[in-house]
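In the numbering used here, the protein residues as written are 45 to 257.
Cβ coordinates follow ideal geometry from the N, Cα and C atoms, glycine included.
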């Protein structure tokens, strides 16, 4: 008989609504209250938005024909979703009263290096670009480009926050490298998994054939 493994409880969610945010404030880890439009909440929300988009990429990737590449790519994306949740948790901590070491996951240099290794490995399979890439093509590619742009926004939010309050030592480096990772992902799926890549044509002429009958 298969032994059941109990998962460690990280958080317990009972009631979905608490009414404690009805006046435009929310709580950080530890209980301190801040405004919902505080730069810290803007950063947390944008990281959460990015995580949702990665979920969309995984959904469309799962619809592709079964292959080792598809499944390995999904494994990478799943790791990134876990890390983005860790990043959101790190950002949700009060910098003036941080949790004890080990009580919250924080971004590390090792994670930044892992992203660089993924980028380098995928780049080895790609031809050098001689033009910029337009977002679009097919669903996986299009959503990867949206991940890239939202990731850049998350980085901007975190930089803005860092000018006012402390941000983790490796958090901004991680989110910066992650946006590069999504760009390489978009090229990699186009070149190795049958996705379409649309290149920028700076000398494109006016489309005269736009009227419908």
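Relative to the alpha-carbon of residue i, which residue among the options has its alpha-carbon at the smallest distance?
i: residue 92; options: 199, 116, 217 and 77; result: 199
i: residue 124; options: 70, 156, 174 and 186; result: 156
i: residue 140; options: 187, 115 and 209; result: 209
i: residue 179; options: 120, 173 and 191; result: 191
i: residue 235; options: 171, 212 and 219; result: 171
i: residue 128; options: 97, 107, 204 and 138; result: 97
i: residue 135; options: 109, 89 and 154; result: 89
i: residue 173; options: 70, 111, 230 and 80; result: 230
Who pairs with residue i in a beta bridge, going by DSSP?
i: residue 84; result: DSSP, once it has assigned bridges, lists no residue as partnering residue 84.
i: residue 243; result: 177
What is the residue span of the beta strand (DSSP E) that residue i lies within?
i: residue 78; result: 77–79
Report the CB separation of residue i from residue j in whole angstroms; it is logged as a contact under 8 Å.
i: residue 194; j: residue 94; result: 5 Å
i: residue 104; j: residue 184; result: 5 Å
i: residue 228; j: residue 166; result: 5 Å
i: residue 77; j: residue 237; result: Residue 77 to residue 237, Cβ: 46 Å. No contact.
i: residue 222; j: residue 84; result: Actually they do not touch by this definition, with Cβ atoms about 19 Å apart.
i: residue 214; j: residue 153; result: 6 Å
i: residue 201; j: residue 87; result: 4 Å
i: residue 163; j: residue 225; result: 6 Å
i: residue 121; j: residue 151; result: Rounded, the Cβ-Cβ distance is 18 Å, inconsistent with contact.
i: residue 203; j: residue 138; result: Contact doesn't hold; Cβ gap of about 20 Å is too wide.
For residue i, report the span of its alpha helix (DSSP H) as first-last.
i: residue 18; result: Since the first residue of the chain shown is 45 and the last is 257, residue 18 is not available in this structure.
i: residue 157; result: 153–167
i: residue 203; result: 183–206
State the DSSP-derived secondary structure class of residue i, mapped to helix, strand or coil.
i: residue 236; result: helix
i: residue 70; result: strand
i: residue 209; result: coil
i: residue 149; result: coil
i: residue 251; result: coil
i: residue 93; result: helix
i: residue 100; result: helix
i: residue 224; result: helix
i: residue 170; result: coil
i: residue 105; result: helix
Considering only heavy atoms of the ligand SAM, does any lie closer than 7 Å to the CB of residue i?
i: residue 247; result: For the ligand SAM, the structure offers nothing, since it holds no ligand at all.
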